[in-house]
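In this note's numbering, the protein residues as written are -14 to 377.
Even glycine gets a Cβ: it sits at the ideal position worked out from N, Cα and C.
Source: prediction; values computed, not measured.
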């Protein structure tokens, strides 16, 4: 075991971060970029190489004089797993610490009980490890996105009506007991979607933007000054309870919120059935879903267009409220409803009518994979910060 002081550990992590972001890289370049002495860099790189954390990846060329070894992170040190747990589907990936996806799975979410969901995650971890050709113990970090309020300090999950967690707010702790030695993280799924958009989507070079997700539920992920804003006990972004779209004092709106009860996928389907029951003429049926509504609206169906227009108006009101408080440069619309191009275009028409603030409204560049990419990004960040500990 290498005994290191605090200063040494900080320098080692700085070297690792630079190799991850700028590798393959030479020791001379590391010294220049980090402002550390060459002897210090040589000593750190030697130790990291001896621990198997970095490896040689070629030599410099095209320069006069001696060549120099180029170092990159050893992608065999460990792997991470990102999971997007939705009310109906579960999507998971395993990647190495360079962010290369090794295996992926998509299947229905186990919604019978919290124990069933834990068992599903454990099984998927084994399945993905087998597909990736690695031992399950190589998956050192598991990051999960879930639709609910997740306290980032206590790691308790509340207000997750679309998952079987009513009596399992300690879901994260239970999963940790089932997977000893694995670092478990849990985030609100829309917060992870914002992280994903920041990592590989429209928010890559933006310090302030909002990700408004509209699907089975409604939620908001906020990036302010380049960092995710989770709020007190993880309560930021629960815009489903904005007093927009319906009577917030109506007991029927207390479980999901007035806005969610107006613009979510299930809400659109219920309103379609109500209009059909009133005898309005439409090409749609009671078995149709929101994608059918958008398609019918694009073809000129008046009932479908009424539903889309109502959703667009209420989404525009929600955007105006969000922008009045946090003033983002960009609002990304995601989720199965929110990312629909036909709806986005309608929302763009209404936004200037309800707010004078300058902003852009765009559909998510990552679509249904935004939360999954956010889970992977958060898992990589956690894994990369623990590489030194793993190697000891």
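Let me check understanding here. Comparing Cα to Cα, which of the options lies closest to residue i?
i, options, result
"residue 314", "304, 57, 155", "304"
"residue 336", "363, 312, 300, 348", "300"
"residue 263", "19, 281, 5, 288", "288"
"residue 330", "308, 311, 341, 298", "298"
"residue 327", "279, 15, 93", "279"
"residue 311", "195, -1, 146", "195"
"residue 43", "325, 70, 12, 73", "12"
"residue 63", "69, 53, 80", "80"
"residue 32", "60, 52, 1", "1"
"residue 290", "342, 267, 86", "267"
"residue 369", "-8, -9, 5, -4", "5"
"residue 60", "-3, 78, 82, 156", "82"
"residue 343", "240, 320, 37, 193", "193"
"residue 226", "134, 84, 52", "134"
"residue 375", "18, 41, 65, -9", "65"
So, helix, strand or coil for residue i, using DSSP?
i, result
"residue -14", "Note that residue -14 scores a pLDDT of 46, beneath 50, so its modelled location is shaky and nothing firm can be said."
"residue 190", "coil"
"residue 131", "strand"
"residue 0", "helix"
"residue -6", "helix"
"residue 361", "helix"
"residue 262", "helix"
"residue 249", "coil"
"residue 239", "coil"
"residue 195", "strand"
"residue 257", "helix"
"residue 5", "helix"
"residue 202", "coil"
"residue 176", "helix"
"residue 87", "strand"
"residue 43", "strand"
"residue 161", "helix"
"residue 140", "coil"
"residue 148", "coil"
"residue 51", "coil"
"residue 367", "helix"
"residue 373", "helix"
"residue 124", "strand"
"residue 209", "strand"
"residue 353", "helix"
"residue 182", "helix"
"residue 275", "helix"
Assuming residue i is part of the alpha helix (DSSP H), what are its boundary residues?
i, result
"residue 299", "287 to 311"
"residue 106", "99 to 117"
"residue 227", "No alpha helix (DSSP H) contains residue 227, which DSSP labels as neither H nor E."
"residue 330", "326 to 339"
"residue 17", "12 to 19"
"residue 33", "23 to 35"
"residue 323", "320 to 323"
With respect to 7 Å, is the separation between the Cβ of residue i and the closest non-hydrogen atom of the ligand FAD below this value?
i, result
"residue 116", "Here there are no bound small molecules, and the ligand FAD is not part of this structure."
Which residues bound the beta strand (DSSP E) around residue i?
i, result
"residue 76", "74 to 81"
"residue 69", "64 to 70"
"residue 169", "168 to 173"
"residue 54", "54 to 58"
Thinking residue i and residue j are a contact (beta carbons under 8 Å), I'd like their distance in whole angstroms, please.
i, j, result
"residue 346", "residue 333", "5 Å"
"residue 174", "residue 356", "5 Å"
"residue 318", "residue 275", "That pair is no contact at about 14 Å."
"residue 9", "residue 55", "4 Å"
"residue 148", "residue 137", "The Cβ separation is near 18 Å, so there is no contact."
"residue 67", "residue 353", "Contact doesn't hold; Cβ gap of about 14 Å is too wide."
"residue 281", "residue 269", "5 Å"
"residue 58", "residue 39", "6 Å"
Say whether chain C places a C-beta atom closer than 8 Å to the C-beta of residue i.
i, result
"residue 257", "No chain C is present in this structure, which holds just one protein chain."
*Is the stretch 244 to 252 touching the stretch 160 to 177 in the sense that three or more CB pairs, one from each, lie closer than 8 Å?*
no
_Three or more C-beta pairs under 8 Å: does that hold for the stretch 177 to 186 against the stretch 230 to 245?_
no
*Check whether the stretch 86 to 99 touches the stretch 124 to 137, taking contact to mean three or more Cβ pairs, one atom from each stretch, closer than 8 Å.*
No, the stretch 86 to 99 is not in contact with the stretch 124 to 137.
*If you pair each beta-carbon of the stretch 192 to 206 with each one of the stretch 218 to 229, do three or more pairs fall below 8 Å?*
yes
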